[in-house]
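Asks: I'd like to ask you about the structure that follows.
Numbering (our numbering), first residue to last: 815 to 944.
This is the structure we're talking about:
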């Protein structure tokens with residue numbers, strides 16, 4: 815898939831999600847929250863397939879054309895899985911008003927954000943030139 819097609823698909827999926835979210839929050843529709851999150855889950859599925867393909871290619875050939883290490887590819891896969899976990903827990907909480915505490919729902923997001931902050935900090939410190 816060309817870069818332009820990937821970008822257009824990404825923008826389209828996020829636009830559809832925001833439209834569905836707006837309709838649901840304005841109480842124009844009574845759709846399930848799981849339906850609202852479908853565009854994001856399609857995007858996440860696309861990411862999972864892409865990352866898995868890159869990992870399999872790297873394992874089969876012993877290297878990949880990109881400069882991304884196997885550690886980073888596994889980290890990207892873990893980040894997408896944390897994001898999907900957060901979205902599923904959020905949809906369950908919003909749809910069924912379950913007894914799950916908001917703290918437990920936010921744990922995957924917090925792990926994701928702390929890990930991403932650590933990665934950015936590590937990259938900033940390791941690429942200093944003084």
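Just so it is clear, CB atoms sit at the ideal spot from N, CA and C, and this is done for glycine as well.
The alpha helix (DSSP H) with residue 910 in it runs from where to where?
Replies: Here the question's residue 910 lines up with position 96 in the chain shown. First-last of the alpha helix (DSSP H) with residue 910: 884-910.
Asks: Excluding the five sequence neighbours on either side, which residues of its own chain have a C-beta within less than 8 angstroms of the C-beta of residue 900, listed in chain order?
Replies: On the chain shown, residue 900 is found 86 positions in, with the first residue counted as 1. Cβ within range, chain order: 919, 920, 922, 923 and 926.
Asks: Is it buried or exposed for residue 905, if we count other Cβ within 10 angstroms and need 16 for buried?
Replies: Taking the first residue of the chain shown as position 1, residue 905 is located at position 91. The residue is buried, with at least 16 neighbouring Cβ atoms inside 10 Å.
Asks: Does the region 845-865 come into contact with the region 817-828, if we say contact requires no fewer than three beta-carbon pairs (one atom in each stretch) closer than 8 angstroms?
Replies: yes
Asks: Which residues in the same chain have their Cβ closer than 8 angstroms to the Cβ of residue 909, if we skip the five residues on either side of it in sequence?
Replies: Against the chain shown, residue 909 aligns to sequence position 95. Excluding residues within five positions, the ones whose Cβ falls inside 8 angstroms are 846, 847 and 848.
Asks: In the DSSP assignment, the alpha helix (DSSP H) including residue 848 goes from what residue to what residue?
Replies: Position 34 of the chain shown, counted from the start, is the residue given in the question as residue 848. Looking at the DSSP string, the run of the alpha helix (DSSP H) that includes residue 848 is 847-850.
Asks: Can you name the start and end residues of the alpha helix (DSSP H) that residue 929 belongs to?
Replies: For the purposes of this step, residue 929 is taken as residue 115 along the chain shown, with counting starting at 1. Taken as a continuous stretch (DSSP letters only), the alpha helix (DSSP H) holding residue 929 covers 916-940.
Asks: Using 8 angstroms for Cβ pairs, my map puts residue 869 next to residue 887. What's the rounded Cβ distance?
Replies: For the purposes of this step, residue 869 is identified with residue 55 of the chain shown, where counting begins at 1. For the purposes of this step, residue 887 is identified with residue 73 of the chain shown, where counting begins at 1. That belief holds up - the Cβ atoms of residue 869 and residue 887 are roughly 5 angstroms apart, short of 8 angstroms.
Asks: Contact check, residue 853 vs residue 830 under 8 angstroms by CB: the rounded distance?
Replies: What you label residue 853 is simply residue 39 of the chain shown in a count that begins at 1. What you label residue 830 is simply residue 16 of the chain shown in a count that begins at 1. Indeed, because the Cβ distance is near 5 angstroms, the residues count as touching under 8 angstroms.
Asks: In whole angstroms, what separates the C-alpha of residue 903 from that of residue 843?
Replies: To locate residue 903, count along the chain shown from 1; it is residue 89. To locate residue 843, count along the chain shown from 1; it is residue 29. Computed Cα separation, rounded: 21 angstroms.
Asks: I need the straight-line Cα distance from residue 880 to residue 937, nearest angstrom please.
Replies: As a working note, residue 880 is residue 66 in the chain shown. As a working note, residue 937 is residue 123 in the chain shown. Going by the C-alpha atoms only, they are around 17 angstroms apart.
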